[in-house]
Amino acid sequence: MAIEDMLDLCPGNITNFEEKLRNFYTEHIHADEEIRYCLEGSAYFDVRDKDDRWIRIWIKAGDLIILPAGIYHRFTLDTGNHIKLMRLFVGEPVWTAYNRPQEDHPARKGYIKSVTEKVGVPLAAH
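Numbering (my numbering), first residue to last: 515 to 640.
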């Protein structure tokens, strides 16, 4: 069962706007996939590569992004200072962030294992 909700993130729409942005920008993982469809505006998702370097992904209206469970990431608005996202969940909607480090979290271990199996050689998790 898929469930959705909306996040309209801009200074006038969210209480504690700056605090929310700081939380989103703190590097973290989730136990489930993070599935987002951008309806309006634009922003950045930053993810870590296998060498622990940031990769910046710019999303804008019409883009869909799916981050695997266990991947370290963060989120921030761009200079437009607004984004409206449809948040999609498989099953019960849970948005629990586990701030880095989380190397022993089952989702992180599963992510590292899936990347290692695809590459065929063990990768160091940072």
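Glycine residues also receive a C-beta, built at the ideal position from the N, C-alpha and C atoms.
- Setting aside the 5 residues that flank it on each side, T540 is surrounded in the same chain by R588 and N613, each with a C-beta closer than 7 angstroms to its C-beta; the list follows chain order.
- For R622, same chain residues with a beta-carbon under 7 angstroms away, outside a window of 5 residues either side, are I543, G584 and Q616 in chain order.
- The residues L523 and I528, in chain order, have a CB closer than 8 angstroms to that of K534 in the same chain once the five nearest residues on each side in sequence are set aside.
- In the structure shown, N527 adopts coil according to DSSP, grouped into three states.
- In this structure the region 600 to 608 does not touch the region 555 to 565; the number of beta carbon pairs closer than 8 angstroms is below three.
- Restricting attention to E518, E606, F531 and V608, the CA atom closest to the CA of T590 is found in F531.
- If you compare the alpha carbons of T593, D560, W568 and S628 with that of I579, the shortest gap goes to D560.
- Per the C-alpha coordinates, the member of H596, W568, R567 and K564 positioned closest to A575 is H596.
- Listed as beta-bridge partners of T590 by DSSP are Y558.
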